[in-house]
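In the UniProt record's numbering, the protein residues as written are 16 to 313.
Cβ coordinates follow ideal geometry from the N, Cα and C atoms, glycine included.
Source: prediction; values computed, not measured.
Report on the structure given below.
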Ligand code: HMG
Ligand code: MG
């Protein structure tokens, strides 16, 4: 069966804008985030407290959060890789953070300048301190299905990194198909491997990029396995500057179209969201990659 309700974890302002060639002005980012909340999204990943040289697109994180008018009932999580990032997030008054690990050695090195083991050493004090401060901590595992340098990823490697993060005290684990190569059988196998390892599906979320057009199918497979939190990006923006061949995330509009059709509630107003993505596409100077946005507003 399918869930009655799905929580959409909107990553457009972070995953979407981190991958743009240009730095989007902070006023545009603020309007984007506000419009996403207007459309009914209740979790909006706002930015990252990473090294500004590594991701110059999000170097304005402090400025953005100082000027953001937050709303009751809306969470604005941010990415935090290390204790320096946590300090910055706490100073900004953030209550929800996300750490981001890699299932593979190569991507841990390229994205975090750490080994697969030493990334965990970096995250451990972040999670411990954040949880002690009463923050909610999510963890990503990138390259959960395939890696551009290492090829197919063994579910056991993903489970082992994911379990370590859960044991540290994170509340939710998001399984990332960073380069958008996964197919539904792999989704089923990975969720099965977590179930076998004793991880409740209540702690799992999915994060699909749409490079090979499989994101929606993979999402449906995950819903059938009991997942109820799905990551997506308004208009299908997104990608990772440190992952070769990563393209946009599953578009939030594509996801809402599917869920509306299935009678699964999300609280998101598709029309209002498509307007926002069409508006953002104009700011970015190119059409939205989302099929649904183009069908509705093309
Ligand atoms: P490093 O060079 O190893 O950093 O980078 P370090 O720990 O050696 O520190 C070097 C200097 O950087 C120090 O300054 C630190 O203070 C400073 P110095 O003492 O030399 O003056 N520094 C910082 N400054 C500001 N904020 C910080 C910070 N940390 C250190 N947070 C580091 C390691 C993790 C910082 C770097 O690799 C990094 O920033 N990586 C981020 C990469 C990134 O953001 N990638 C995209 C997000 S992941 C993604 O998109 C995938 C996802 O969507 C899921 C999926 O699709 O699978 C989540
Ligand atoms: Mg991503």
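The alpha-carbon of residue 175 is positioned some 13 Å away from that of residue 210.
Inter-residue distance for residue 242 and residue 216 is about 6 Å (C-alpha atoms, whole angstroms). Where residue 187 is concerned, the enclosing beta strand (DSSP E) starts and stops at 187 to 192. Taking the CA atoms as reference points, residue 52 sits about 21 Å from residue 309. In the structure shown, residue 115 falls within a strand segment according to DSSP collapsed to helix, strand and coil. Look at residue 106: its beta carbon is at least 8 Å from all of the heavy atoms in the ligand MG. Burial check for residue 73: the Cβ neighbour count within 10 Å reaches 16 or more, so the residue is buried.
Three or more Cβ pairs closer than 8 Å define a contact, and the segment 288 to 299 falls short of that threshold against the segment 220 to 232. Residue range 151 to 157 is occupied by the beta strand (DSSP E) that includes residue 154. Of the heavy atoms belonging to the ligand MG, at least one sits nearer than 8 Å to the Cβ of residue 26.
Per DSSP, the beta-bridge partners of residue 223 are 192.
In the structure shown, the three-state DSSP call for residue 245 is strand.
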